[in-house]
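One structure is given here, and the rest of the page talks about it.
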């Protein structure tokens, strides 16, 4: 059975134990937009799709075509991450973005 994109986005968010409010803040959109996307009443823009994939730690291909299962280490990280304050989450996301940028630059 093929899972719809909106259902996959909702399932990944729940698997990572992230609130709609948190996802909305990270993506820079309203929580009601997340609700509309997850219910299927609003389509996801290409920019939003990229942001979802980065936040949820999956490639665009995995998001669009395959069901991604997290390994135990990733699940442990997600559980720990979900227990942090919003400030600490933002700090970790900034660190991840920084490390990714350094890796891309070959430093």
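Numbering (the working numbering), first residue to last: 22 to 128.
For every residue, glycine included, the Cβ atom is placed at its ideal position computed from N, Cα and C.
In the DSSP assignment, find the unbroken alpha helix (DSSP H) run with residue i in it and report its ends.
i: residue 64; result: Per DSSP, residue 64 belongs to no alpha helix (DSSP H) and is neither H nor E.
i: residue 108; result: 107-126
i: residue 31; result: 26-36
i: residue 43; result: 41-48
i: residue 83; result: 81-85
CB-CB under 8 Å to residue i, same chain, minus the five flanking residues each way: which ones, in chain order?
i: residue 56; result: 41
Give every residue of the same chain whose Cβ lies closer than 7 Å to the Cβ of residue i, excluding the five residues on either side of it in the sequence, and list them in chain order.
i: residue 59; result: 27, 30 and 31
i: residue 109; result: none
Compare the C-beta of residue i against all C-beta atoms of chain D and say whether one is closer than 8 Å.
i: residue 59; result: Among the chains in the structure shown there is no chain D, since it carries only a single protein chain.
Assuming residue i contacts residue j (C-beta within less than 8 Å), just tell me the rounded distance between them.
i: residue 44; j: residue 114; result: The Cβ separation is near 12 Å, so there is no contact.
Determine, using beta-carbon pairs with one atom in the stretch 32-46 and one in the stretch 64-79, whether at least three such pairs fall under 8 Å.
yes
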